[in-house]
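Structure record follows, encoded as structure tokens.
What follows is the structure in structure tokens.
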């Protein structure tokens, strides 16, 4: 009596399905192995982005080609049987996820349009906003940013495409707003002079530029963003990045000021601001501009009998 062969959905025999399953897993392993080996061979010879995407193309080519070949051989490339087998594996369910499809398509668009690239400093708006982060990796569905505090932010690729992205690396510089508060009795003209002089003296705040970097900074005026900022100036130059100070508010006995400066070293933002404030506060204290004083016409309090 002939022994019956178990048949799965779509007319696929159990032996053929198991052979396809093991072959499928094997090509996944080979794809990952090829990715690692090619990355190791290319790193140091080409840019990180080129190495990553070249290795990724090889990985996907091996994986997809292997799945196609194994499906054609073991499943006779019967579309119904193939889809049924994938359904048994749960792959159809996973890849039919709307979010996964959106992120995968967004990953392809990022590769083509390049709104962000590896090693660039960006902010991805949303709820919540990511804050300044350096692009560490762009995978098929996720972009990884490293924040100023060293933490890794995993951002779905769909957020890069659908949200507002601020790219500081392509602009080449960052405007920083530094809060400062002084008593209402302080000489604001002198406070402004001290604050702006401290900004000019700081070696990492524009327009202070080392001679070796002058050509790099001057090239910023060729960028469209900087060009729009300097369109009203007859001779665009470093004067565009002059520090400025303005009064933000007056609350009780204090005047709140905002000093706006431009920097190029985005990762060093917090350190630059800290050094700048230390210098300003030290100079203000030296001239007694942070101590609250009585108004000259304010009557002296009566001495109790």
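Residue numbers (this note's numbering): -2 to 302. Note that CB positions come from ideal geometry on N, CA and C, so glycine has one too.
For residue 51, the enclosing alpha helix (DSSP H) starts and ends at 45 to 71. With at least 16 other beta carbons inside 10 angstroms of its own, residue 17 counts as buried.
Check the Cα spacing between residue 105 and each of 121, 117, 53 and 67: the tightest is with 53. Distance between residue 157 and residue 284, taken at the CA atoms: about 49 Å. If you draw a 10 Å sphere on the C-beta of residue 273, you find 16 or more other C-beta atoms in it, and that means buried. In the DSSP annotation of this structure, the continuous segment of the beta strand (DSSP E) that includes residue 144 starts and ends at 139 to 144. Around the beta-carbon of residue 253, fewer than 16 other beta-carbon atoms lie within 10 Å, marking it exposed.
If you draw a straight line from the Cα of residue 186 to the Cα of residue 40, it is about 55 Å long. Assignment of residue 152 by DSSP, reduced to helix, strand and coil, places it in the strand class. Judged by DSSP secondary structure, residue 184 falls outside any alpha helix (DSSP H); it is assigned neither H nor E. Shortest Cα-Cα distance from residue 203 to any of 29, 246, 109 and 262 involves 262. In the structure shown, the three-state DSSP call for residue 41 is coil. If you look at residue 278, you'll find it isn't in any beta strand (DSSP E); it sits in the alpha helix (DSSP H) that goes 266 to 283.
Residue 49 counts as buried, since at least 16 other C-beta atoms from the protein chains shown sit within 10 angstroms of its C-beta. By the C-beta density criterion, residue 155 is buried, having at least 16 other C-beta atoms within 10 angstroms. Listed as beta-bridge partners of residue 130 by DSSP are 119 and 144. Less than 9 Å divides the Cβ of residue 60 from the Cβ of residue 28. CA-CA distance, residue 270 to residue 96, rounds to 40 Å. Between residue 281 and residue 175, the C-beta spacing is not below 9 Å.
Comparing alpha carbon positions, the residue from 145, 13, 63 and 67 closest to residue 265 is 145.
Judged by DSSP in its simplified three-state form, residue 11 adopts helix. The beta carbon of residue 267 is closer than 8 Å to those of 145 in its chain, skipping five residues each way along the sequence. The Cβ atoms of residue 122 and residue 160 sit closer than 9 Å to each other. Its Cα nearest to that of residue 151, the residue 127 stands out among 251, 178, 127 and 55. Rounded to whole angstroms, the separation of the alpha carbons of residue 197 and residue 278 is 15 Å.
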